[in-house]
Structures are given as C-alpha cells and as structure tokens.
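> Numbering (the working numbering), first residue to last: 725 to 786.
Here is the structure:
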C-alpha cells in the first residue's frame, strides 16, 4: 500500500463491504483499496489520453 493519505481506510472498506454482505479481512481490504485506487488512476489517464488524441493516434494539441 502507498503512504499517500486516502479518504477510505481499510477499516471503513470492511464496514461498507460488510453492510453489503461481503466479509473481508483487513489485509484483503488493503489489497482491494490498492487495486481500486490504481484502477482509478489508469482510467483517468486513459480518458485524458483519448481526449487529446485523434483516432489515428496523432495528437490534437501540441
């Protein structure tokens, strides 16, 4: 897990998942949160890349 401050703690993730019928350990919650944060970063990067690229791969803006 990264040392950056995050708004959702593993304990809060455990509570949220438990409220929806899923039981996870503290370590599993940390892994889930790491995955979600990394996936979010990749998604935003992909959106930005697509916004500033033409369909042929060339850049719209310099």
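Backbone N, C-alpha and C define an ideal beta-carbon position, used for all residues, glycine too.
For residue 777, which of helix, strand or coil comes out of DSSP?
Residue state, collapsed to three classes: strand.
> Within 8 Å, do at least three Cβ pairs link the segment 732-741 to the segment 749-762?
Contact holds: three or more Cβ-Cβ distances are below 8 Å.
> Assuming the contact rule is C-beta atoms closer than 8 Å, residue 748 and residue 740 should be a hit. Round their C-beta distance to whole Å, please.
So it is not a contact: roughly 10 Å between Cβ atoms.
> According to DSSP, simplified to helix, strand and coil, what is residue 792?
Nothing about residue 792 can be read from this structure; the chain reaches only from 725 to 786.
> Grouping DSSP H, G and I as helix and E and B as strand, with all else coil, what is residue 748?
Coil at residue 748, not helix or strand.
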